[in-house]
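This report concerns only the one structure given below.
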């Protein structure tokens, strides 16, 4: 059995894998290098590297482990037709993303942007907009593993959490959970509207102009899911007309965000260049998931963790 | 009985007081205006406004409520000699200060300074230093009400907390508590060293050059207590020689921080101009404490909350 990595891991990590799986042959290519994909049964890669032409070459491929969370840009139907198993690293973004969301919210409430810029100009200037997170309300779109972790941390700060999902099924660390169609009723109550929704047929374009109008004038809107959740023009208008207070965006309709995009110029918009999931511990965690699944694969090929339903797309 | 406020409160807050305490006369001066202090029994003010000359004029004064936390610059001996009761607002800084500490730590770990500055220059530039709070260790000097609140929040992020106080008495939300003299043993373990110590004879100059040398090279040192905890030269040298990774300072030996102070120019030092306690909810909370104490005062003059021991200075 042969496994190909198309990204680099440390020598310690290689040794650990090779000692644990002595009957498996591992090949480690540089990032993006798919040399020898023809000969492998298992490919460990990032979602963006898998396309039709790669699949065509990879005749023996049985399992793709993507070290990404999103799979929406992968050729899912072809993968399904070829009967290739696809797993991702759902769950490993939980900690860095939840910490990023809390970092951004707290930074805004505790006036860090103004503190940082006063330092640059050596000004002893006390901000006049400092307030607290405690006692506020957050609405979390997509209270799955990442959303619930955000909810758990917000609750520790005394924030009321409202989850919003497709089914309305109660989710962890949410004071209550609502369904998508009740969003308009709850948006006016939220100080923070935070999306961590994946891109699926049901979430694309989910937020309309009316949703932004329904938010508080002081609301902080945060998109840490996918950039196709709404038409960016709606948000730009809401920010320009002060229909909402602030946006913090980690994802965009087009990434990298084009230089001419107006979001760059809006004072009340933080541009986080799709980095909320980054962490020095990323590969380490991805390998933990991979090792567990490789054990299961060798045993039986079934019951892998983080299995993607190729028709639902998550 | 007459009460003088030397700072402004809202009309709603005035009405609330006057309705609740119908036998008390309230006078509200502008901030810093001590007109009529001669005639009052109770003064509600900030610590910095109370000096010997004020005390001299305030012949009838029996109780000073300071809406500050620190009392170290007040003429405590004169207040004691005059047998004047002194109370402060210990506890009301807990939430904003703990949120500020977490904001700064998370901002650094999640690369917010670089995200903010890339926005300014419209650069889609992914930071390479993002890491997580989870799994790290924090040492908290002064695990009282503020320190314990910081500890509670850090623990929610999966951080190990070590409290350090005079007595070594177990304190809330600390995985363990050590005494000051054992500091040198624990400093090398801490990723975050956070002081919220007040200024007292025992804390002045508590941290020496050796303490900074004992910290990790990557340590983040945060002073949110008082600026006389150490000689600033020791910290400046530690930062310049990369003996520690970063400092975040809310307090300084001299405030406002003089323009010529080298701390302004160090890249690895955040200057927070003594604002970590600021909050839009500040006066509201101070009044809750004042109202409780005014009830007690009218009843019996004793058992006031947040009573300052004039000889210990806190």
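Chains as they are written, first to last, in the working numbering: chain A, 888 to 1201; chain B, 888 to 1201.
All C-beta atoms in this analysis are idealised placements derived from N, C-alpha and C, irrespective of residue type, glycine included.
Treat the numbers as computed from the prediction; the structure is a model and nothing was measured.
Does DSSP classify residue i as helix, strand or coil?
| i | result |
| --- | --- |
| residue 1063 of chain B | strand |
| residue 1041 of chain A | helix |
| residue 1048 of chain B | strand |
| residue 889 of chain A | strand |
| residue 924 of chain A | helix |
| residue 952 of chain B | strand |
| residue 1124 of chain A | helix |
| residue 898 of chain A | helix |
| residue 963 of chain B | helix |
| residue 930 of chain A | strand |
| residue 941 of chain B | helix |
| residue 1197 of chain B | coil |
Given that a residue counts as buried once 16 or more other Cβ atoms are within 10 Å of its Cβ, and exposed if not, what is residue i?
| i | result |
| --- | --- |
| residue 944 of chain A | exposed |
| residue 936 of chain A | buried |
| residue 1006 of chain B | buried |
| residue 1057 of chain A | exposed |
| residue 1143 of chain A | exposed |
| residue 1108 of chain B | buried |
| residue 997 of chain A | buried |
| residue 982 of chain A | buried |
| residue 939 of chain B | exposed |
| residue 975 of chain B | buried |
| residue 1083 of chain B | buried |
| residue 1028 of chain A | buried |
| residue 1162 of chain A | buried |
| residue 1146 of chain A | exposed |
| residue 902 of chain B | exposed |
| residue 1072 of chain A | exposed |
| residue 1002 of chain B | buried |
Under a CB-based cut-off of 8 Å, is residue i close to chain A?
| i | result |
| --- | --- |
| residue 1070 of chain B | no |
| residue 1012 of chain B | yes |
Could you confirm whether any beta carbon from chain B is found closer than 8 Å to the beta carbon of residue i?
| i | result |
| --- | --- |
| residue 1040 of chain A | yes |
Where the stretch 1015-1036 of chain A meets chain B: residues whose CB sits under 7 Å from a CB there: 1017, 1018, 1019, 1020, 1021
I'd like the ranges of any alpha helix (DSSP H) spanning at least 4 consecutive residues and lying wholly in the stretch 987-1034 of chain B. 999-1007
Between the stretch 1043-1067 of chain A and chain B, which residues of the former have CB atoms less than 9 Å from a CB of the latter, in chain order? 1043, 1044, 1045
Kindly provide the ranges of any alpha helix (DSSP H) runs that are 4 or more residues long and lie completely inside the stretch 1129-1195 of chain A, ordered along the chain. 1169-1186
Under 8 Å, CB to CB, which of the residues in the stretch 967-996 of chain A have a partner in chain B? 982, 983, 986, 987, 989, 990, 991, 993, 994, 996
Identify each residue in the stretch 1158-1177 of chain B for which the Cβ-Cβ distance to at least one residue of chain A is less than 8 Å, and report them in chain order. 1158, 1159, 1160, 1161, 1162, 1163, 1165, 1166, 1167, 1168
The stretch 998-1009 of chain A: which residues have C-beta closer than 8 Å to a C-beta of chain B, in chain order? 998, 999, 1000, 1002, 1003, 1005, 1006, 1009
Within 8 Å of chain A by C-beta, residues of the stretch 1112-1126 of chain B in sequence order: none
Please name the residues in the stretch 1075-1106 of chain B whose beta-carbon is closer than 7 Å to at least one beta-carbon of chain A, in chain order. none
The stretch 908-926 of chain A: which residues have C-beta closer than 9 Å to a C-beta of chain B, in chain order? none
Cβ-based contacts, 7 Å cut-off: residues of the stretch 1135-1154 of chain A near chain B: 1143, 1144, 1146, 1151
Runs of beta strand (DSSP E) wholly within the stretch 1064-1120 of chain B (minimum 3 residues, chain order): 1079-1082, 1107-1110
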